[in-house]
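Quick note: the sequence shown uses the UniProt record's numbering, first residue 1, plus one each step. From the three backbone atoms N, C-alpha and C, an ideal C-beta is built for every residue, glycine too.
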Amino acid sequence: MKIDLQKEGKNEPERIIRRKKAEENMELVREKLQKQIAKKAEQPAWVYHKYGDALLENGQVKEAIAAYEIGKVKKFVNEKRIRNIGML
C-alpha cells in the first residue's frame with residue numbers, strides 16, 4: 001500500500017495550530033492560578049494540583065512537584081478535618 005505523504009500531512013498545520021492554542025491556554029491557566037495563590041495562599045487542594053499540572057506542562061518539573069506536595073498536604077488535612085467533624 002502506497003502512502004500519499006501530501007494527503008497524510010494535510011492536517012499537520014491544523015494540529016500545530018491546535019497544539020499552540022492548547023499551550024497558550026495552559027500558560028493562561030498557570031498564570032491565573034499563580035496569581036490566585038499569590039493573593040491568598042490558603043487555597044483548596046485542587047488549586048495546587050491544577051497549578052502543578054500547568055507547571056508540568058510548561059516543563060517546570062521541580063515547581064510542579066512542590067505544588068503537588070502542597071496540594072497533597074492540604075488534601076490530607078481536609079480529609080482529617082472531615083473525619084474529626086464526623087466524630088463530634
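As assigned by DSSP and simplified to three states, the class of residue i
i: G59; result: coil
i: P13; result: helix
i: E23; result: helix
i: Q34; result: helix
i: residue 104; result: Residue 104 is absent from the structure shown; the chain starts at 1 and stops at 88.
Reference residue i; option with closest CA among the options
i: residue 122; options: E27, E12, K35 and K75; result: Here the chain has residues from 1 to 88 only, and residue 122 is not among them.
i: E31; options: Q43, K62, V73 and Y51; result: Y51
i: A41; options: P13, A67 and E14; result: A67
Burial state of residue i (16 or more Cβ within 10 Å)
i: I65; result: exposed
i: L33; result: buried
i: G59; result: exposed
i: I70; result: buried
Spatial neighbours of residue i in its chain, beta-carbon cut-off 6 Å, leaving aside the 5 residues before and after
i: V29; result: A54
Nonlocal neighbours in the same chain, by C-beta distance under 8 Å from residue i, ignoring five residues either side
i: R15; result: none
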